[in-house]
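**Student:**
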């Protein structure tokens, strides 16, 4: 495995952030201070132009780029590279005024007024045309600038549009998908139910909130279409850039567990994936360690979109953000901890939104490196600058990657299908939370964990955990069977394989698509528990487990081992956890929502069987590994406010230079990066 | 009293359910299995065609009925009758596309998009015309089919429409009602308030949520109009059927405590009433017994729409439904218990939605007799089949009815008027819950209880309870007076007789329309308590009672007995419960919302005085009686998870064949039907 | 200081209320009873015509005034004056039918249907024209009536309109404000952020909820415009009246803490300010004393709109209202207590909505002097009549005013800016509650407190408290500095001076506009606490204080005294409360949200330094002073249900005639008015 260096120019870990000098063009002293302070903070990159359209083109066809030349030149002269964004994230007022069809239509069919951001219609030809003009202009001006490191496409894609253009494209998309055969669609969507049969693709409307929201297949396909159409829009921007500056990589910034777009699909046209991480640190609902582990899941999921190379942490907030319900300051040390967590999990960058707080508008209180106070002697600035120094010590990590022996399957289709399903309990289905918990309980065993699509190649993994994989893509059943037959260990849960890719239920027993044979069980019933209900599971070999929310009643086939049985209610004594072995592999089925300790026991049992090394960690300590070229770097992160001791550590801590021989002591919120 | 047999062909209790073979026409093996399994489950009826419009008429004017002939023939050949629905519950896409005015307009005046169901405009002439075509076609095809048992009109009528057609019909309805005299309306609606006087009926708009929602009379009349218009629509369907197949009875399926339509009015054009019962069994807010008693109230209310004959339980869910917040499985035995409760309360049918779960769309997880698994060896199937056997033992009950000595008054007008009133506390007015509690506290004394409109004949009853009868229909005051003078016993509560049929307050003291003299009290004030507030009532002859929510301050006339007085607050020592006797009758006024035990005491006191037999029952046991032709059948239902013993029972338990001599032991969730 | 008598004709305190005889024109007996009972209740004034437009002008151009002549004549003949309202608070149906543009457009851009009230477009020329016609007619008819005491403009102005007329006026307003220079606006609104630059004023839309709601400056300016436009509309009505009846004073009735209109601006064209007070007495969320003190703040705020003269309590509810979540009856004595609180705080009137309950429509249950029962022997009537007698004993107070040594600053701009800000925690910013608490904690020390705009003259005060003065109007920094330099004592808190009048952050350190030097502190960070978080402040000279919600981290300048320091968290040991003295004045900065006891300690410390007399009061007793012509009247109000003893009182209690020598005993809910 060789290093995959994203930006050779940077020569290590990138340290940068969004920079909006167009807000300060009338204050050249501030712009000069910016460069002085960026250098002091150890920044080697700045992201420019994210919302600069109205500065570039204040009136249609009237362009101003001199200011940006000036700034990019100065940055470059001071060793700071530029990531240049296309400005399509927010439109000038003149554009919406002249071309109203750029504005989205909402889910009731009403066109929005001009305003806010990230709300252009993805289909409107005129918008694509106007974007093409400005993007080409950017290439004209800056495509050959030596400081240009990367193109950043638009910003935080999201949302939906129900305008006539989008409706028409949706109909065409469906016609294409269903081979122009409306009967295929009718069958796939089970439209005889409630007399919803369509005669023609042109009759199909999107799932308006005051219209047809009751066809599961339509709802799901609309989500898929939105991903397809957003990606199609994005590809139109990328096509210009790739044609004219093929040497410059492109990215766009994804968002935390954003449920509107299937990133597994959307990452394809990008060279590098990046995302914006804004955890609610120190909140009152979960432990700090929970917040950190949730963030680790997000990093891992983003990383695995392109798991053969590092990813980028495109945005994070120095200090705090301004849009959480409570915007609490990050405690001293947390900025360092969270930034190094990103690196530990495979990021080659630590970037911020934003460099300097603006004086007004929606995000005037969003954390920044430089505050309204304007000086470099604030606590926040100092922590950023100190981190800048430390990142230099990690320069050898650039290009290394994470190689995990275990994967959690996470699919947007199962997210959408479980979120939209009419059954169980809406408030407790929690698909994504269930996947996070799987990640967390596996991580707690000290193993590196990937988060991948069910359509990914399984062959590199020893263990695969598939929580609530409600919807099975074609061939998943078969591929799981192969995985197990080839010695893999598979763990699935309640609510697995209920529906096919059109959200049609499998007949003849869940889990469908052959999985009932692989696991040796059929789920005859699923009992939905009220939040105050509990059941228990008795295990022969481990402590009793507690059940909440869901409990399936299983039929168990001959040859299937029963590992645990229910202790209460009308399904008392019946199987709750089973396992079936197949050659060297195994297939475990966990029919109920069990507590974390039980899940860790069950995971550990399987990891052991699979020969995956586990590491004993104190509660609240994370362990992550990056490697390449035969080198391994192991990160230890202390997500607690007390010191923590980890034993069995050998190597040099790159951050302190200290040689560790067995015992590693981590300060509160402390981090070590041990080169083995 | 003679039996009133609804369906002689059935020869006992009907066992059936909704059947949607059009979803499986491409799988004839499944259709064959259906018939085999229906027979195994003891089904003698199936409801067809509820949502079959797009299968009947996939394109305008193109009809397909052969499939249904085939199925009805086969069912009939196997001893299974058909209830055939008109398909107007859901419209084909082509219909909305060609005739957009079939789609409703919402309460903001915006026309909905196509989709979902039960949302056709009741007024649109073109919709009525298209429905007439398909209904006539159904009669052409199936009107003489020997298996045809009944017409089922549309499905679960509900909702409102604010389209121009409906607005115009509303104006015409009002002109008719107010003798084409706008001044009459102005006076009735008190429109000088806030300068809301109308000059002409054509000026009147419905209560748009962004318009005129502040006139109580208008709001109420809009509800009444909606009932009138929905019924008028329904009558148009019925007229076709009655003209062409007068021998076939018609029904439509009502819904649990549906507050949008006055079923007292809407039942009139029907031959038989039926409803869909979906209790939230095993929920976390109330005891199981509460859930059952609530359902009993619903059965009784529906039964009393046509109390001289049995009603039908048109839909109920085997297993579970899919639309409750938590869809918990019915525990073993509960299906039997709930089904027999319907029979105990006067239903001659036990029917399901649905026979077989569909593979997709909105209700793919709604309980059914046959699951996606597709077999007859599931728990749910077995419970249904076992019940099918038991129902055969009750065949003599078909046609018997309930004769109750006690009635609770329940009016949609008082529901609408209290729900819409601006006063008291919106969150605690709870008109329907108060009526339910009255029913429950009376039932707990072992008596059969009717739930009737205040406009019904009172003469058959010994005791009438009128909880919160806020709005008095014309002559109700006078008729109550007659009832008491003729020896009846009347019990009313706080919030009685505040307004007349136009929601105008009575002047000169509440309760109005002469009731202040009948009860011998005037309510000078009503105090609204916060949920944490309490008061108490001291009684001479019974334990102290607890007051929540509402307490009226009374002026008591000479000759009125004070039974209880407040113990606290500024009305301490003043009357809380009074009684006035009049010849052999009595009129009790309960001025405050008292606890259940106190209410049961007060009810028992009056029942005793009225000579109504009461039966001592263990907590959680229901007792209901059906009778005819001199025979009496007494049901005992155990709504608890422990065994229960009832004493004083004599007769033969039809379900077990056992002779009961004094002591009846009920198993958990057990049922006995004792023929006396 | 001389008395400022509002209505010499009244000869004391006004006792009156809204009177709607047009609802009873067909019942002349009721109208006669009204006059008899008004006299019995000691009423000397009635408010007429508030919603009489459709009675005056039932059809366009057809006028009827005879009925009102008759009533005003009779009232006058019986010693009852009339306040006559212009009827623009609610429009006849014909007007909306003929002139749809009178109806407002909502915040999505959708025009409302006809209905309800207080919802005319403020800009529509045709509405202004139709109002002008009816107002002129009223002047024609009643302008010279000897019973006419005052004009009451419309009713409870409120709401917003987004119609094209309003949008255009908004654009013109902005052009005017920003000198027709769009670049000035762009800079003031920081529109380069998110590319929101405008090219022209005609491009600017109001902050539609489905449009541009993300520009803080736009949102704020829209609020200011709404005040301006509503006031402009009101001035158009006033202009007619002032021109033709200059001798008749005008008012309009304001509402409790109404956040939609800046009353500091809107009071300017009025002769007298008045408001409608509807506290939620006896609620379950706060103590009765809290409710009363909150009401006292409202009275004080309204009083200070024109603090050189008395104000009017235009509406209050005898008994209860009908629109609270729980409409609990006022306990005996509370009506007297609350009414005299208004007088104590500077009102020269006690008026009701309404005299007599209507029989129907939205407010049929709103408390009134005369109930549906229609008699004068109810508890509510008796309490009103008793109060009428007592008010006569206070006739000398008419025209006296409150002279407070202390002021709390309260600005609508800071309310709007903090409510709309994106930062901190939306649920705990609570600007108005914080101002109320400041008022309460000062009042508890027995001092009279004004509530004034930051733009008011500070010179009459010894102490000024500025809670959370987030937005600084021009020159406020400078004027605060002068105030302190001239010996004033200023107290400010966290979240002071973050933004200028355009909501642009001050650069170089908060509080801005020079205040960081006046207070000698800079707020480097603000930590937002979760509701479960706490910190503490250690003081040298007073008990430890508890911190919730907000804690700023300060940099303290040389020469600034640190009075208290944080005890926990990363800012442990750092300054939490500071003081800087400047000549004889002082400037205290309270950096955290402290508990009430600590705030009272800090206030008392400063009041003592400022030489302001404080009075020791039992918990739940209010003390307020009115004075003029050398006379002082001190009110003591007992807001508790037990007796209370106040010492150090000397004078004659005007209500009892008793001479108080040192000890004043107050009955539960008791009141004394001591003439010193």
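Chains as they are written, first to last, in the UniProt record's numbering: chain S, 1 to 676; chain B, 1 to 676; chain Z, 1 to 676.
Glycine is no exception: its CB is placed at the ideal position from the N, C-alpha and C atoms.
(1) Applying a beta-carbon distance threshold of less than 9 Å, which residues of chain B neighbour residue 216 (chain S)?
(2) Ignore the nearest five residues each way along the sequence and tell me which others in residue 652 (chain Z)'s own chain have a CB closer than 6 Å to its CB.
(3) Roughly how many angstroms lie between the CA atoms of residue 327 (chain S) and residue 282 (chain S), to the nearest whole one?
(4) For the stretch 137-165 of chain B, list every residue whose C-beta sits within 7 Å of some C-beta in chain Z, in sequence order.
(5) Confirm the yes/no value for this check: CB of residue 134 (chain Z), any heavy atom of the ligand MN, distance under 7 Å.
(6) Using a C-beta to C-beta distance shorter than 8 Å, which residues of chain B count as neighbours of residue 99 (chain S)?
(7) Indicate whether at least one CB of chain A lies closer than 8 Å to the CB of residue 492 (chain B).
(8) Taking Cβ to Cβ, would you say residue 300 (chain B) is nearer than 8 Å to residue 451 (chain B)?
(9) Using a beta-carbon distance below 8 Å, is residue 194 (chain B) in contact with chain Z?
(10) Would DSSP call residue 635 (chain S) helix, strand or coil?
(11) List, in chain order, every chain B residue whose beta-carbon is nearer than 8 Å to that of residue 179 (chain S).
(12) Mind pulling the alpha helix (DSSP H) runs of 4 or more residues that sit fully within the stretch 118-165 of chain S?
(13) Near residue 196 (chain B), what residues of its chain come up, given a Cβ to Cβ distance below 8 Å and the 5 sequence neighbours on each side ignored?
(14) So the alpha helix (DSSP H) residue 435 (chain B) belongs to, where does it begin and stop?
(15) Give the single residue among S:257, S:262, S:656 and S:261 whose Cα lies nearest to the Cα of residue 279 (chain S).
(16) Is the separation between the beta-carbon of residue 553 (chain B) and that of residue 571 (chain B) shorter than 8 Å?
(17) Straight-line CA distance for residue 99 (chain S) to residue 21 (chain S)?
(18) Name the DSSP beta bridge partners of residue 254 (chain S), please?
(19) By the three-class DSSP mapping on this structure, what secondary structure does residue 425 (chain S) have?
(20) Under the rule that 16 or more other beta-carbon atoms within 10 Å means buried, what is residue 275 (chain S), buried or exposed?
(21) Do residue 94 (chain B) and residue 186 (chain S) have their C-beta atoms within less than 8 Å of each other?
(22) Would you list the one or two residues that DSSP bridges to residue 352 (chain B)?
(23) Using a cut-off of 9 Å between C-beta atoms, extract the partners of residue 328 (chain B) located in chain S.
(24) Would residue 611 (chain S) and residue 462 (chain S) qualify as a contact pair, given that the criterion is a beta-carbon distance under 8 Å?
(25) Is the shortest distance between the beta-carbon of residue 642 (chain Z) and the beta-carbons of chain B less than 8 Å?
(26) Shorter than 8 Å from the beta carbon of residue 570 (chain S) to some beta carbon of chain B?
(27) Any Cβ of chain Z within less than 8 Å of the Cβ of residue 681 (chain B)?
(28) Using a Cβ cut-off of 9 Å, pull out every chain S residue sitting near residue 34 (chain B), in sequence order please.
**Tutor:** Short version:
(1) Position 216 of the first chain, counting from 1, holds the residue named residue 216 (chain S). Near residue 216 (chain S) (Cβ distances below 9 Å), the residues of chain B are 360, 361, 362 and 364.
(2) Counting from one through the third chain, the residue named residue 652 (chain Z) turns up at place 652. Around residue 652 (chain Z): 659 and 675.
(3) Position 327 of the first chain, counting from 1, holds the residue named residue 327 (chain S). Position 282 of the first chain, counting from 1, holds the residue named residue 282 (chain S). For residue 327 (chain S) and residue 282 (chain S), the distance between alpha carbons rounds to 10 Å.
(4) Residues: none.
(5) The model depicted lacks the ligand MN and carries no ligand whatsoever.
(6) Against the first chain, residue 99 (chain S) aligns to sequence position 99. Within 8 Å Cβ-Cβ: nothing; residue 99 (chain S) doesn't reach chain B, min ~26 Å.
(7) Absent here is chain A; the protein component of the structure consists of chains S, B and Z.
(8) Counting from one through the second chain, the residue named residue 300 (chain B) turns up at place 300. Counting from one through the second chain, the residue named residue 451 (chain B) turns up at place 451. Contact flag set, yes.
(9) Numbered from its first residue, the second chain carries residue 194 (chain B) at position 194. Output row for residue 194 (chain B): interface = yes.
(10) Taking the first residue of the first chain as position 1, residue 635 (chain S) is located at position 635. In the structure shown, residue 635 (chain S) sits in a strand (DSSP, three-state: E or B).
(11) Counting from 1 along the first chain, the entry for residue 179 (chain S) is found at position 179. Neighbourhood of residue 179 (chain S) in chain B, by CB distance below 8 Å: empty, with the nearest CB roughly 17 Å away.
(12) Correct list: 125-142.
(13) As a first step, residue 196 (chain B) is located in the second chain; it is residue number 196 there, counting from the start. Excluding residues within five positions, the ones whose Cβ falls inside 8 Å are 189, 212, 214 and 215.
(14) For the purposes of this step, residue 435 (chain B) is taken as residue 435 along the second chain, with counting starting at 1. Residue range 431-443 is occupied by the alpha helix (DSSP H) that includes residue 435 (chain B).
(15) For the purposes of this step, residue 279 (chain S) is identified with residue 279 of the first chain, where counting begins at 1. The residue with the shortest Cα to Cα distance from residue 279 (chain S) is S:257.
(16) The residue labelled residue 553 (chain B) in the question sits at position 553 within the second chain. The residue labelled residue 571 (chain B) in the question sits at position 571 within the second chain. Between residue 553 (chain B) and residue 571 (chain B), the CB-CB gap stays under 8 Å.
(17) The residue given as residue 99 (chain S) occupies position 99 in the first chain. The residue given as residue 21 (chain S) occupies position 21 in the first chain. A straight-line Cα-Cα distance of about 28 Å links residue 99 (chain S) and residue 21 (chain S).
(18) Walking along the first chain from the start, residue 254 (chain S) turns up at place 254. Paired residue(s): S:275.
(19) Position 425 of the first chain, counted from the start, is the residue given in the question as residue 425 (chain S). Three-state result, residue 425 (chain S): coil.
(20) Working through the first chain from its first residue, we reach residue 275 (chain S) at position 275. So residue 275 (chain S) counts as buried.
(21) The count along the second chain starts at 1 and reaches residue 94 (chain B) at position 94. The count along the first chain starts at 1 and reaches residue 186 (chain S) at position 186. No, Cβ-Cβ distance for residue 94 (chain B) and residue 186 (chain S) is not below 8 Å.
(22) In the second chain, residue 352 (chain B) corresponds to position 352, counting from 1. DSSP output for residue 352 (chain B) lists B:17 as bridge partner(s).
(23) Residue 328 (chain B) sits at position 328 when you count from the first residue of the second chain. The contacting residues are 425, 527, 528, 529, 530 and 533.
(24) The sequence position of residue 611 (chain S) within the first chain is 611, counting from 1. The sequence position of residue 462 (chain S) within the first chain is 462, counting from 1. Taking 8 Å as the Cβ cut-off, residue 611 (chain S) and residue 462 (chain S) qualify as a contacting pair.
(25) Stepping through the third chain from its first residue, residue 642 (chain Z) is reached at position 642. It does not; no Cβ of chain B falls within 8 Å.
(26) For the purposes of this step, residue 570 (chain S) is taken as the residue at position 570 of the first chain. Yes, its Cβ sits closer than 8 Å to a Cβ of chain B.
(27) An answer regarding residue 681 (chain B) cannot be provided, because it is not within the stretch 1 to 676 covered by chain B.
(28) Indexing the second chain from 1 puts residue 34 (chain B) at position 34. Here the premise fails: no neighbours, minimum Cβ distance about 14 Å.
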